[in-house]
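Read through the structure below, which is laid out as structure tokens, and then see the notes.
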Amino acid sequence: MLEKAFSGSKRYWSWVIFLLVLIGIGFGSYLYQLNKGLAVTGMSRDVSWGLYIGQFTFFVGVAASAVMVVLPYYLHNVKEFGRITVFGEFLAIAAVTMCLLFIIVDLGKPMRLFNVLIYATPHSIMFWDMIVLNGYLLLNILIGWNVLEAERNAVAPPKWVKKLVYVSIPWAVSIHTVTAFLISGLPGRHYWLTSIMAARFLASAFAAGPALLIILSLIVKKFTKFNPGETAIKKLALIVTYATIISIFFVILEFFTAFYSNIPSHMHSLEYLFAGLEGHSNMVPFMWMFAVLAVIAMVLLINPGTRNKENTLLIACIAVFVSMMLEKGLGLIIGGFIPNAFEKVTEYAPTLPELLITLGVWAIGAFILTILYKVAVSVKEEVRA
Amino acid sequence: MKISRRGFIKLTGAGALGLGLLPVKNVLAGDHSNVTSDGKRWAMVVDSRKCGECNDCIVACHKTHNVPEIDNKEEEIKWLWKEKYEHAFPSQKHDFVDEDLKKRPFMMLCNHCDNPACVRVCPTQATFKRKSDGIVMMDYHRCIGCRYCMAGCPYGARSFNFNDPRPFIEEINKTYPTRTKGVVEKCNFCAERLAKGSLPACVEACPNNALIFGDLNDPDSEVRKVLREHYTIQRKPDLGTRPSVYYIV
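The listed protein sequences derive, respectively, from chains L and Z.
With the numbering used here, the residue at position 195 of the first sequence is 195, and numbering never jumps.
With the numbering used here, the residue at position 55 of the second sequence is 1055, and numbering never jumps.
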């Protein structure tokens, strides 16, 4: 089926070349980082994780796009999702690949990456995260590709594929849970040390993943002859609505515990993020942007009039995606390091090479997504022709 | 209560699974303490009353271990350094701490915890607690530079080589390795000197004998004697890491 990716319109090829250029820029910046060390990033002794790890945690969430269409389709027989399950799965493939790349670009010694396998250490959550992420990647490749191929040949997918589908559903829960465990079990990181972290990860994932899937479905609808179906998008929109509300609710819960208990160490990070601490306020505009976008998204999503209209739904989904990225992909990770172990504030801001590398990883994600979606759309157009 | 054969088997299975999870719990959340073992457990008592203006201990430590001197605070490497009381013991500060304590420097170093969070999180065992004497060590050749240990350590004891450290070392001590960019490092309680029967460099360098070093598992050791006779505190003892560094205030 891959041959479908090699023929396309002028617009398709210009988009692919555009992405390849971005990947090239990102790769060049990475070589620069590899040569100079992570000193070229904005990270420091105090804020030792930054944009890379933030983006990693966020894109683990985006991978939830798959389970949110697969679960209703296979377990609840929601037929409308049958047309787009493969799009959810292919988005998950791109997202998980991005996660793995964000981890690799964050390593000080990437050439020693396989030490994680050679010296497998089960008491490290990172070991389990490696297992669940790679497992999820493999599951989605196998399931997505085989189901699409079966559709092309107008036969039912092989039986083992369906078994893998059932495995993939709890597996999807595991990637968010384990990634949350990565940060929620560390003594002395008060902002992260909250048992609701895994639940927050699941909720924000179920909002951001399907939100991006809606955006992509609308793009597919606009630029190809394949229509993902209005009812499918409407149902997805409902999922995004509930997940966004729950996600924001969980953030509010964190505020209550911190500020009603009035324990300084529990309040500090939130104060830093939303109001600034000891005169440091780099993150404040971003966190308020998150808050404003989240409110806009909720207003547009809760109101059925705007949720069911394509234009306003698109705005709502972009608002969900961007707000979740600011909260989880930036504030959550940086907030955990500020203030530091000595209750001092060292701020963080990504540097240009760091941003270009991030852009490069994004471009790789978009490239994989483009190729896979091109194949899927071509097959679906062919089947329906 | 009626129970079917099928239901019984299900329940038994679930129960057995629960038992099967017990070793997992021990791995993930077990107490890795060896305080009662026959081995040594090296520890340090910092007598902050005796600590003066000099930096002799820091200079000795950093020279011995080829710790680079990087001016940029964000990327600096430090094994041993000074903090004020309010930063060293943030949960024990209050508005009316006496002037002497406010001014007094407190020496910060790796706590060589008996239950180290950094060791728990490291995905390659590049940082590990040595069974024979409880020192938390680093294998610079295995570290992948993921900095998970830095997120895990509640004491800010770890530094990452954002740069190639070698150009920042004034005079290289050929008896101890230098590091490369991209790995984490920290105080090793002078494991290399202990192996030869010497005291840690900082302890030896201190002109006021403010640093006392010894074996916690030996009731007759110098540290145990000092601990018996003085009121001492630890950094963040509530986190359950069981630090091996104590402070006389």
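Beta carbons are placed, not taken as given, at the ideal position from N, Cα and C, and that holds for glycine.
Classification of residue i by the beta-carbon crowding that lies within 10 angstroms, buried from 16 upward
{"i": "Val21 of chain L", "result": "exposed"}
{"i": "Pro187 of chain L", "result": "buried"}
{"i": "Asn262 of chain L", "result": "exposed"}
{"i": "Asn1062 of chain Z", "result": "Inspection of the sequence shows that residue 1062 of chain Z is occupied by His rather than by Asn. By the neighbour-count rule (16 or more Cβ atoms within 10 Å), His1062 of chain Z is buried."}
{"i": "Met111 of chain L", "result": "exposed"}
{"i": "Ser1037 of chain Z", "result": "Low local confidence applies: a pLDDT of 49 at Ser1037 of chain Z is under 50, so the model's placement there is unreliable, with the coordinate-based value given in what follows. Label assigned to Ser1037 of chain Z: exposed."}
{"i": "Val1067 of chain Z", "result": "buried"}
{"i": "Ile219 of chain L", "result": "exposed"}
{"i": "Asn1034 of chain Z", "result": "Residue confidence for Asn1034 of chain Z is low, a pLDDT of 43 falling below 50, so the modelled location carries little weight; the figure read from the coordinates is stated next. It is buried - the Cβ of Asn1034 of chain Z has at least 16 other Cβ atoms within 10 Å."}
{"i": "Glu230 of chain L", "result": "exposed"}
{"i": "Ser1159 of chain Z", "result": "buried"}
{"i": "Tyr373 of chain L", "result": "buried"}
{"i": "His1094 of chain Z", "result": "exposed"}
{"i": "Trp1079 of chain Z", "result": "buried"}
{"i": "Gly108 of chain L", "result": "buried"}
{"i": "Phe81 of chain L", "result": "buried"}
{"i": "Asn134 of chain L", "result": "exposed"}
{"i": "Ala1088 of chain Z", "result": "buried"}
{"i": "Phe311 of chain L", "result": "The residue you asked about is not Phe; residue 311 of chain L is Asn in the sequence shown. Under this definition Asn311 of chain L is an exposed residue."}
Distance, residue j Cα to residue i Cα
{"i": "Gly88 of chain L", "j": "Val62 of chain L", "result": "10 Å"}
{"i": "Ser1244 of chain Z", "j": "Thr1232 of chain Z", "result": "12 Å"}
{"i": "Gly1214 of chain Z", "j": "Val47 of chain L", "result": "34 Å"}
{"i": "Ala1157 of chain Z", "j": "Met1108 of chain Z", "result": "8 Å"}
{"i": "Met98 of chain L", "j": "Cys1206 of chain Z", "result": "51 Å"}
{"i": "Tyr348 of chain L", "j": "Asp1071 of chain Z", "result": "18 Å"}
{"i": "Val116 of chain L", "j": "Ile143 of chain L", "result": "27 Å"}
{"i": "Gly185 of chain L", "j": "Tyr52 of chain L", "result": "20 Å"}
{"i": "His280 of chain L", "j": "Met287 of chain L", "result": "14 Å"}
{"i": "Arg1104 of chain Z", "j": "Val1046 of chain Z", "result": "12 Å"}
{"i": "Val394 of chain L", "j": "Ile371 of chain L", "result": "Residue 394 of chain L is absent from the model: chain L starts at 1 and stops at 385."}
{"i": "Ser168 of chain L", "j": "Lys1236 of chain Z", "result": "42 Å"}
{"i": "Gly37 of chain L", "j": "Ala275 of chain L", "result": "33 Å"}
{"i": "Val375 of chain L", "j": "Gly50 of chain L", "result": "35 Å"}
{"i": "Trp1081 of chain Z", "j": "Ile1058 of chain Z", "result": "6 Å"}
{"i": "Cys1149 of chain Z", "j": "Ala92 of chain L", "result": "29 Å"}
{"i": "Val345 of chain L", "j": "Leu332 of chain L", "result": "16 Å"}
{"i": "Ser1004 of chain Z", "j": "Tyr166 of chain L", "result": "27 Å"}
{"i": "Pro72 of chain L", "j": "Thr1180 of chain Z", "result": "51 Å"}
{"i": "His1230 of chain Z", "j": "Ser1198 of chain Z", "result": "25 Å"}
{"i": "Thr306 of chain L", "j": "Leu300 of chain L", "result": "5 Å"}
{"i": "Leu277 of chain L", "j": "Met267 of chain L", "result": "10 Å"}
{"i": "Val128 of chain L", "j": "Leu313 of chain L", "result": "Looking at the sequence itself, residue 128 of chain L is Trp, so the reference to Val does not match. Approximately 37 Å between the Cα atoms of the pair."}
Closest Cα partner of residue i within the set the options
{"i": "Thr1178 of chain Z", "options": "Z:Ile1077, Z:Lys1236, Z:Lys1082 and Z:Pro1237", "result": "Z:Ile1077"}
{"i": "Leu355 of chain L", "options": "L:Leu117, L:Val40, L:His76 and L:Leu212", "result": "L:Val40"}
{"i": "Cys976 of chain Z", "options": "Z:Asn1209, Z:Gly1240 and Z:Val1119", "result": "Only positions 1001 to 1249 of chain Z appear in the structure, and residue 976 of chain Z is not among them; the question remains open."}
{"i": "Phe114 of chain L", "options": "Z:Phe1128, Z:Asn1115, Z:Arg1142 and Z:Asp1095", "result": "Z:Arg1142"}
{"i": "Thr224 of chain L", "options": "L:Val292, L:Glu382 and L:Ala237", "result": "L:Glu382"}
{"i": "Thr257 of chain L", "options": "L:Asn303, L:Tyr242, L:Lys309 and L:Leu193", "result": "L:Leu193"}
{"i": "Glu327 of chain L", "options": "L:Thr231, L:Leu75 and L:Ser269", "result": "L:Ser269"}
{"i": "Leu369 of chain L", "options": "L:Leu31, L:Phe90, L:Pro170 and L:Met1", "result": "L:Phe90"}
{"i": "Met1044 of chain Z", "options": "Z:Thr1124, Z:Asn1111 and Z:Pro1219", "result": "Z:Asn1111"}
{"i": "Leu273 of chain L", "options": "L:Thr177, L:Pro339, L:Trp171 and L:Leu313", "result": "L:Pro339"}
{"i": "Ala1191 of chain Z", "options": "Z:Leu1239, Z:Cys1202 and Z:Pro1116", "result": "Z:Cys1202"}
{"i": "Arg1166 of chain Z", "options": "Z:Cys1051, Z:Lys1102, Z:Glu1069 and Z:Lys1040", "result": "Z:Glu1069"}
{"i": "Phe342 of chain L", "options": "Z:Glu1074, Z:Glu1083, Z:Cys1051 and Z:Ser1048", "result": "Z:Glu1083"}
{"i": "Val86 of chain L", "options": "L:Phe58, L:Val377 and L:Met325", "result": "L:Val377"}
{"i": "Lys1186 of chain Z", "options": "Z:His1065, Z:Ser1221, Z:Asp1133 and Z:Asp1238", "result": "Z:His1065"}
{"i": "Cys1118 of chain Z", "options": "Z:Gly1145, Z:Asp1133, Z:Asp1098 and Z:Asp1100", "result": "Z:Gly1145"}
Residue i: CB within 7 Å of a non-hydrogen atom of the ligand COA
{"i": "Ile196 of chain L", "result": "The ligand COA is not part of this structure, which contains no ligands at all."}
Practice prompt. Quick one: which residues of the stretch 220 to 254 of chain L get their C-beta closer than 9 Å to a C-beta of chain Z? List them in chain order.
Written response: Against chain Z - using a Cβ distance shorter than 9 Å - the stretch 220 to 254 of chain L contributes no residues.
Discussion item. Which runs of the alpha helix (DSSP H) at least 4 residues long sit entirely within the stretch 213 to 295 of chain L? Give them in chain order.
Written reply: The qualifying runs are 230 to 261 and 264 to 274.
Worksheet item: Taking a cut of 9 Å between CB atoms, which residues from the stretch 1122 to 1135 of chain Z lie near chain L?
Response: Here the close residues are Cys1122, Pro1123, Thr1124, Gln1125 and Ala1126.
Worksheet item: Closer than 9 Å, Cβ to any Cβ of chain Z: which residues of the stretch 176 to 191 of chain L, in chain order?
Response: Residues passing the 9 Å Cβ filter: Leu182, Ile183, Gly185, Leu186, Pro187, Gly188 and Arg189.
Practice prompt. Identify each residue in the stretch 1159 to 1172 of chain Z for which the Cβ-Cβ distance to at least one residue of chain L is less than 9 Å, and report them in chain order.
Written response: If the cut-off is 9 Å between Cβ atoms, the stretch 1159 to 1172 of chain Z has Ser1159, Phe1160, Asn1161, Phe1162, Asn1163 and Asp1164 near chain L.
Item to complete: Using a Cβ-Cβ cut-off of less than 9 Å, give me the residues of the stretch 1037 to 1056 of chain Z that come near chain L, in sequence order.
Response: Listed by position, the residues of the stretch 1037 to 1056 of chain Z near chain L (Cβ gap below 9 Å) amount to none.
Worksheet item: What residues from the stretch 296 to 330 of chain L come within 8 Å of chain Z, judged by C-beta to C-beta, listed N to C?
Response: The residues in question: there are none.
Item to complete: For the stretch 1086 to 1136 of chain Z, list the alpha helix (DSSP H) runs that are entirely contained and at least 4 residues long, ordered along the chain.
Response: For the stretch 1086 to 1136 of chain Z, whole alpha helix (DSSP H) runs of length 4 or above, ordered along the chain, are 1099 to 1103 and 1117 to 1121.
Item to complete: Quick one: which residues of the stretch 1182 to 1200 of chain Z get their C-beta closer than 9 Å to a C-beta of chain L? List them in chain order.
Response: Among the residues of the stretch 1182 to 1200 of chain Z, those with a Cβ less than 9 Å away from any Cβ of chain L are Gly1182, Val1183 and Val1184, in the order of the chain.
Fill in: Unbroken stretches of the beta strand (DSSP E), 3 residues or longer, contained in the stretch 1056 to 1091 of chain Z
Counting whole runs of 3 or more residues, the stretch 1056 to 1091 of chain Z contains the beta strand (DSSP E) stretches 1081 to 1083.
Item to complete: Identify each residue in the stretch 339 to 373 of chain L for which the Cβ-Cβ distance to at least one residue of chain Z is less than 7 Å, and report them in chain order.
Response: If the cut-off is 7 Å between Cβ atoms, the stretch 339 to 373 of chain L has Asn340, Ala341, Phe342, Glu343, Lys344 and Thr346 near chain Z.
Discussion item. Short of 7 Å Cβ to Cβ, which residues in the stretch 24 to 42 of chain L face chain Z?
Written reply: Of all residues in the stretch 24 to 42 of chain L, the ones placed with a Cβ closer than 7 Å to any Cβ belonging to chain Z are Gly37, Leu38 and Ala39, in chain order.
Practice prompt. Using a Cβ-Cβ cut-off of less than 7 Å, list which residues of the stretch 1103 to 1124 of chain Z approach chain L; keep chain order.
Written response: The stretch 1103 to 1124 of chain Z vs chain L, Cβ under 7 Å: Ala1117, Arg1120, Val1121, Cys1122, Pro1123 and Thr1124.
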